[in-house]
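Down below is the structure, laid out as structure tokens.
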Amino acid sequence: MKVVFRPEAEQELLEAQNWYEACAVGLGFEFARAVDAAISKMQRMPLAFPRIEGEFRHILTRKFPYSIIYHASSTEIIVVSVFHHRRKPKVWLQHTKG
């Protein structure tokens, strides 16, 4: 199943990856691998993960305090946020407008 990142989600992903890489060489790569692993699971079983608001679901990344928030149709998965768990819980909803 095709995965599409909304621009805001792509920006969050890049910012987090850069932040981790600035903390320690190679840590940004490890974060990207954790996100890729979560996306692979999401592609295999898009409806298996908990709903958090309406049609939106989330999957946790391993080793990092992030969720990937998405919604799935019959043909694609749209990622709306790569969300740090310490942020305000509903901030990601702003990414669903427009």
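By the UniProt record's numbering, the letter at position 92 of the sequence shown is numbered 92, and the numbering carries on one by one without gaps. Backbone N, C-alpha and C fix where the C-beta goes; we use that ideal spot for every residue, glycine too. Because the structure is a prediction, the values reported are computed rather than measured.
Delimiting residues of the beta strand (DSSP E) encompassing residue i
i: LEU47; result: Here LEU47 belongs to no beta strand (DSSP E), and DSSP marks it neither H nor E.
i: GLU76; result: 76-84
i: ARG57; result: 56-60
i: SER73; result: Per DSSP, SER73 belongs to no beta strand (DSSP E) and is neither H nor E.
Closest Cα partner of residue i within the set the options
i: PHE64; options: ALA22, VAL4, ALA38 and PHE5; result: ALA38
i: HIS58; options: VAL82, PHE29 and GLU21; result: VAL82
i: HIS85; options: PHE29, GLU12 and GLU55; result: GLU12
i: VAL3; options: GLN43, GLN17 and GLY54; result: GLN43
Range of the contiguous alpha helix (DSSP H) that encloses residue i
i: ALA9; result: 7-23
Inter-residue spacing [alpha-carbon to alpha-carbon] between residue i and residue j
i: GLY26; j: ILE68; result: 21 Å
i: PHE56; j: CYS23; result: 31 Å
i: SER73; j: MET45; result: 12 Å
i: PRO7; j: ARG51; result: 22 Å
i: MET1; j: SER40; result: 10 Å
i: GLU21; j: LEU14; result: 10 Å
Sufficient close CB pairs (3 or more, under 8 Å) joining the region 58-75 to the region 23-34:
yes
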